[in-house]
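Following: one structure in structure tokens, then a few remarks.
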Amino acid sequence: MIAKKLKTNAQARNNRVYIHNVKRLYKKAISMFEWINMPKEIDTRYLEKTLVEQGHICFFKDEKLDKFMCLQCTIGGRFNVYDLPTDYHVYTPSGYNRDLDMSNSVVIYSDLAHDNLMPVIYYHAENISNVERTIDINLNQLKRPYVFLVPENKISSVKALFRQIKDNEELIIGSNDLSVEGLSIENTITPNNTIDLYTLKKKYYNEALTDLGISNFSDDKKERLLAGEITSNEEDVYLNRANMLEARKQACKLINEMFGLNIDVKFRYEENETMSELDETEDLDEVKNNE
Numbered sequence: 005m006i007a008k009k010l011k012t013n014a015q016a017r018n019n020r021v022y023i024h025n026v027k028r029l030y031k032k033a034i035s036m037f038e039w040i041n042m043p044k045e046i047d048t049r050y051l052e053k054t055l056v057e058q059g060h061i062c063f064f065k066d067e068k069l070d071k072f073m074c075l076q077c078t079i080g081g082r083f084n085v086y087d088l089p090t091d092y093h094v095y096t097p098s099g100y101n102r103d104l105d106m107s108n109s110v111v112i113y114s115d116l117a118h119d120n121l122m123p124v125i126y127y128h129a130e131n132i133s134n135v136e137r138t139i140d141i142n143l144n145q146l147k148r149p150y151v152f153l154v155p156e157n158k159i160s161s162v163k164a165l166f167r168q169i170k171d172n173e174e175l176i177i178g179s180n181d182l183s184v185e186g187l188s189i190e191n192t193i194t195p196n197n198t199i200d201l202y203t204l205k206k207k208y209y210n211e212a213l214t215d216l217g218i219s220n221f222s223d224d225k226k227e228r229l230l231a232g233e234i235t236s237n238e239e240d241v242y243l244n245r246a247n248m249l250e251a252r253k254q255a256c257k258l259i260n261e262m263f264g265l266n267i268d269v270k271f272r273y274e275e276n277e278t279m280s281e282l283d284e285t286e287d288l289d290e291v292k293n294n295e
């Protein structure tokens, strides 16, 4: 029964850590792009949320309501020579439904591959979570480096002592009947791997940011000196970012031509912020080389 409860607690903790990391990456993903001159009736939060989750969304004008709309849709029907769907069906949980096509609407895609970002988020969240849980386990093992083999009638008393250790009690008091007679101690001291694990966690997290097109730099001083490696990483970041940004800009062009609008989109953080960080790193290289 105790083993089952411990397993349940561990699984619950695993789920909480995983969900936390999914949400952490998800919130970044839906915040990366800023839409410019979008009609005020369009909810850009919903737009980006749908692109991240489903990979596409349909922009059109409802003539009866005299409003532009941008809603989730299914795509299908006949495909053109460029392997693009020509028919769409928009729908909402509230019951709004409408059939559209390429002549009266534009599908905005999340990236040039027409994929959604959720598999990427799930993949990296799992990697990060595995390391975080390993750090948790390592820390707990460091706090309990011994296993006590005790008579059954003393289990509760020993567990109470361990509970006080876990709670970081400065003074631990035991009852008189808790004698050392019949107690056996097994040494299970575990090496402290938390620093290496934390470095691995940051590496996994930076890989996630790179796949999302978000700039990232290591705090490790040795790595900060390798400007060439930073430049290579920024190329990956830029290409992943461009893959998503170009898909949105292509949609902007089609929407503007079809509806006479002037919509645009940009990455929320300016490139010069990234370049200034790189320049600072290169300046640090030069200073250290001159010392």
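Residues 5 to 295 in this note's numbering are what the sequence shown spells out, letter by letter. By construction, the Cβ of each residue, glycine as well, lies at the ideal position given by its N, Cα and C atoms. Here the structure is a predicted model, which is why all the values come from computation and not from measurement.
In or out: isoleucine 23 buried (at least 16 other Cβ within 10 Å) or exposed?
exposed
How many angstroms separate the CA atom of asparagine 247 from the CA atom of arginine 28?
22 Å
Touch check for the stretch 251-260 and the stretch 197-205: three-plus C-beta pairs under 8 Å?
no
Count the other CB atoms, across all protein chains shown, that sit within 10 Å of the CB of tyrosine 113; report buried if there are 16 or more and exposed otherwise.
buried
Segments of 4+ residues assigned as alpha helix (DSSP H) that fall wholly inside the stretch 16-98:
Within the stretch 16-98, the complete alpha helix (DSSP H) runs of at least 4 residues are 48-58.
Is it the case that the stretch 134-149 contacts the stretch 30-38, given that we only count it when at least three CB pairs across the two stretches are under 8 Å?
no
DSSP state of arginine 102, grouped into three classes?
strand
Any contact of the stretch 115-124 with the stretch 58-74, i.e. 3+ C-beta pairs under 8 Å?
Because the criterion of three Cβ pairs below 8 Å is met, the stretch 115-124 and the stretch 58-74 touch.
Under 8 Å, with one C-beta from each stretch per pair, do the stretch 64-80 and the stretch 35-51 reach the 3-pair mark?
yes
May I have the straight-line CA-CA distance separating glutamate 238 from phenylalanine 271, to the nearest angstrom?
15 Å
Looking at valine 21 and glutamate 136, is the spacing between their C-beta atoms short of 7 Å?
The criterion of a C-beta distance shorter than 7 Å is satisfied by glutamate 136 and valine 21.
Got a sec? Which residues, its chain only, sit under 6 Å from threonine 54 by beta carbon, not counting five neighbours each side?
Ile61 and Gln76
Can you tell me whether DSSP reads leucine 265 as helix, strand or coil?
coil
Taking all protein chains shown into account, decide if serine 219 is buried (16 or more other Cβ within 10 angstroms of its Cβ) or exposed.
buried
For a quick check, are the C-beta atoms of isoleucine 139 and threonine 194 less than 7 Å apart?
no
Would you call the CB atoms of valine 110 and alanine 251 closer than 7 Å?
no
So, for glutamate 227: in the same chain, excluding its five sequence neighbours on each side, which residues have a beta-carbon less than 6 Å away from its beta-carbon?
Confidence in glutamate 227 is poor, its pLDDT being 49 and thus under 50, which makes the residue's placement too unreliable to answer from.
Unbroken alpha helix (DSSP H) run spanning serine 133, endpoints:
122-147
Per DSSP, cross-strand counterpart(s) of phenylalanine 221:
Note: phenylalanine 221 sits in no beta bridge, so no partner.
My output table needs one value for tyrosine 209: the three-state DSSP class, helix, strand or coil.
helix
Have a look at leucine 249 and leucine 216 and give me their C-alpha separation to the nearest angstrom.
11 Å
Limits of the beta strand (DSSP E) - the one that serine 109 falls within
109-113
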